[in-house]
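Contents: one structure, followed by commentary.
Protein chains: 2
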Amino acid sequence: MSSPSWLNIHPESPFSLANLPFGIISQQSSVARRAAVAVGDYAIDLLQLSQGRVFDDEPQLKEHSGVFSEPTLNAFAALGRCLHQQYRLFIRDLLLEETSKPTLLKGNPELQRRAILPLQDVITHVPMAIGDYTDFYAGINHAYNVGVLFRGPDNALQPNYLHLPVGYHGRASSIQVSGAPVYRPKGQMLPAPGAKTPVFASSKKLDIELELAAFVCKNNDQGMPIPVNDAHNHIFGYVLMNDWSARDIQAWEYVPLGPFNSKNFATTISPWVVLADALEPFRTSLPGAPGNGKLLPYLQQGNADIGFDIQLTVDLVVERQVFRISECNAQHLCFSFEQMLAHHTITGCPMRTGDLIGSGTISGKDETSLGSLLEMTKNGQEPINPGMGLTRMFLEDGDEIVLNGFAGRSGGRVGFGDCRGRIAPART
Amino acid sequence: MSSPSWLNIHPESPFSLANLPFGIISQQSSVARRAAVAVGDYAIDLLQLSQGRVFDDEPQLKEHSGVFSEPTLNAFAALGRCLHQQYRLFIRDLLLEETSKPTLLKGNPELQRRAILPLQDVITHVPMAIGDYTDFYAGINHAYNVGVLFRGPDNALQPNYLHLPVGYHGRASSIQVSGAPVYRPKGQMLPAPGAKTPVFASSKKLDIELELAAFVCKNNDQGMPIPVNDAHNHIFGYVLMNDWSARDIQAWEYVPLGPFNSKNFATTISPWVVLADALEPFRTSLPGAPGNGKLLPYLQQGNADIGFDIQLTVDLVVERQVFRISECNAQHLCFSFEQMLAHHTITGCPMRTGDLIGSGTISGKDETSLGSLLEMTKNGQEPINPGMGLTRMFLEDGDEIVLNGFAGRSGGRVGFGDCRGRIAPART
């Protein structure tokens, strides 16, 4: 997939021709939200392509191209994976040096001016109308590390952990796109370990969670589970996700119904949805997965490579200095997104196009590859020293976190772009 | 509010002139969803009233009456409580024997034929597009009873319980309207207490939860909490809710992130939204509430009567025989809906018009007033004997549960109508 393009695409770009992720954009000069594809340093405005009649020779693509004028990708996602792939390959062809359709875009400078926008000039938005958002807990090293911190190494993983993808319902309204500020939350917390009476304060343990997340593109009826080996047809694509967490609020509130206020203030996602088909070449096994033999039949997948080989990074940006605080890989999950969907719906829970499914925090096995400050600092006991004399236990106002991730090699990278958020002081 | 109407309204009707709850209806002969008001045994079709120009003399009501052609009440709700009350009082006037507008409806038999529909002939729908659904746990006797079952009487209530309204994010897509079937969920559970390995089966502990729930009608910006003493302006109205729960699935899955599959298969609500202003006359204190002196300032309300005096009943219907299995009152909550909203948003969590907030299971203090079978049967140890030789631990296929509730006296009742669901066998 590293064929040359007539567009100038840097070989290290996450948005190579092998990728072509979809998003929702607007511009200061053109505020209507519409669909776009990211390639190199550009966003291709799909509404302009549609109005420029580039899809008109392909009856199926022409028929559905109205979806690109929608302010979310839900209608496009609902077309199903076959059409996603057809549009993606068609757009790839348009951009190839050796395009089979040279008159449509390569030889049409007027349409290029209207449709090919510098990425830095476009505003990106949450790409889907998200009905429900679920966050799983399938990062096995993260679950183990957190278990050791709170229960010791002998009982680190709960008895159910390797039998089912543990998850909880999150707050859909709090999902925001990369770049939006994250206001420091206030709430109830205990003033010291063992205290009996809570105090009201700004969170002093504001943390990150490095996650991969999938968007759903196909509904199931209430009462009808999605079979695990059909679940891939229900997955539109993937984004990076930072599930910001207030650990002090979480510790006080989470028994017995799970995290609530500690996570409902903001969750940031990357703006470009990497289509499921673009990630298929990077399938790999999940070394921590329990394996079919240890799973109930409804979770047994027919293939061994149920995960993705995606390199992930976490950068902390303080006063314009960038400090890399983690390097990790999406292989450190112990359940696949297909298993998450099968488990989510085994009771008959209806999923809808636009629903978002988070993986849970992804941590590697050593201390350079952790997905949360909770783990890096052992719950605020040992500061990290990212460089230049800086130390951190948890996030301070003004700190910015940038998640990044990509699969593949130079010239054919399939990446997500930044998933960033800066901590702003509490608004009130 | 018990003034006579020219419509025949039974004095025991939950839909007296003091009520006038709003819902969304369609008919077999007229499938477009639109807004309606319930009164006596009738639904007043608000689209017909609007098209019949009954709102035209009141500029504000005329201006906004387009909302009644929407397929949900969200646009109506977003108008705010002042306009809700203006529409409600206007419609009440139309229906009074001594109406001040005799020509509009009372003297207009042609419009009556089009707009006044027998309730039994209309199909009701989930009245709001629900973005997020949150369920609290503010039924103090329920929390205590469940705590006694699982931890004994000395630690029945968790340390945080009386400091904050404990809650969790629920599954919005699984909310259904009264009358929709409830398919028995399947899932993972332990075959016996103390077992180490789960089995896959249909739930054998399918339970009910008797709840009151509120719809939100006003957004708050991300980062901006709703002050507790302004929260009433964010509440559109109330419905009854049955948060069906699979106790065997719940027991295995809920540590550490709370209930998930055990509750995501179905939650049933009553179809008619009782407007907040219609319930205001029935404000009362909450005897189990911690009181302002024990609460952090952000939860302290300026008035003492923060609850509602609503009589609640639970009926079990088996082969057309109706057995009353509980009689309770909404006073048995220990936090108000205003406190729930203030707590929900104290971190800056954004609420949106249409969001649903459940109270948690409401149980009284004695065994005739419990809101779940879990409590009635002590987790399946002691069967209930509702009559005619029938016994139940949990729900069986074909069982139907009907929740009901009302405030006020004969002739002026403010009630919800049925919140019913019948257990159907698992679909697969």
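Top to bottom, those sequences are chains A and B.
Residue numbers for the first sequence follow the UniProt record's numbering, beginning at 1 and rising by one.
Residue numbers for the second sequence follow the UniProt record's numbering, beginning at 1 and rising by one.
The beta carbon of each residue, even a glycine, is placed where N, CA and C say it ideally should be.
Every value quoted in this text rests on a predicted model; they were computed, and no experiment measured them.
8 Å Cβ cutoff, residue i in contact with chain A
i	result
residue 259/B	yes
residue 346/B	yes
residue 160/B	yes
residue 298/B	yes
residue 196/B	yes
residue 164/B	yes
residue 132/B	yes
residue 112/B	no
residue 208/B	no
Beta carbon proximity, residue i to chain B, threshold 8 Å
i	result
residue 428/A	yes
residue 1/A	Summary for residue 1/A: the model assigns pLDDT 46, below 50, so the residue's position carries little reliability; its value from the coordinates is reported in the next sentence. Cβ-Cβ to chain B under 8 Å: no for residue 1/A.
residue 383/A	no
residue 244/A	no
residue 349/A	yes
residue 256/A	yes
residue 340/A	no
residue 222/A	yes
residue 379/A	no
residue 84/A	no
residue 169/A	yes
Same chain only: Cβ atoms within 7 Å of residue i, ignoring 5 sequence neighbours per side
i	result
residue 73/B	22, 24, 35, 127, 128 and 273
residue 299/A	228, 339, 342 and 343
residue 205/A	246, 247, 248, 380 and 394
residue 264/A	171 and 174
residue 101/B	93 and 94
residue 429/B	This structure cannot settle anything about residue 429/B, because the visible part of chain B is limited to 1 through 428.
residue 377/A	383, 384 and 393
residue 99/B	93 and 106
residue 258/A	168
residue 161/A	143
Cα-Cα separation, residue i to residue j
i	j	result
residue 51/A	residue 118/A	19 Å
residue 154/B	residue 148/B	8 Å
residue 10/B	residue 40/B	6 Å
residue 345/B	residue 318/B	42 Å
residue 192/A	residue 358/A	31 Å
residue 169/B	residue 168/A	8 Å
residue 382/A	residue 142/B	42 Å
residue 137/B	residue 260/A	12 Å
residue 400/B	residue 321/B	10 Å
residue 30/A	residue 91/A	23 Å
residue 255/A	residue 355/A	26 Å
residue 372/A	residue 428/A	27 Å
residue 56/A	residue 69/A	16 Å
residue 84/A	residue 47/A	16 Å
residue 286/B	residue 275/B	20 Å
residue 111/A	residue 104/A	8 Å
residue 328/A	residue 308/A	12 Å
residue 350/B	residue 224/B	8 Å
residue 410/A	residue 12/A	5 Å
residue 362/B	residue 277/B	22 Å
Close-in-space but distant-in-sequence residues of the same chain around residue i (CB under 6 Å, 5 per side omitted)
i	result
residue 77/A	217, 236 and 353
residue 439/B	The question about residue 439/B has no answer, for chain B in this structure spans 1 to 428.
residue 140/A	288 and 334
Counterpart residues of residue i in DSSP-defined beta bridges
i	result
residue 283/A	308/A
residue 167/B	136/B
residue 230/A	The partner list for residue 230/A (beta bridge, DSSP) is empty, contrary to what the question assumes.
residue 241/A	211/A and 269/A
residue 186/B	202/B
residue 321/B	318/B
residue 39/B	42/B
residue 419/B	403/B
residue 15/B	414/B
residue 356/B	133/B and 215/B
residue 387/B	390/B
residue 328/A	312/A
residue 5/A	96/A
Spatial neighbours of residue i in its chain, beta-carbon cut-off 8 Å, leaving aside the 5 residues before and after
i	result
residue 122/B	25, 26, 27, 36 and 43
**Report entry** Three-pair Cβ contact test at 8 Å for the stretch 232-243 of chain B versus the stretch 199-219 of chain B
**Finding:** Touching, yes.
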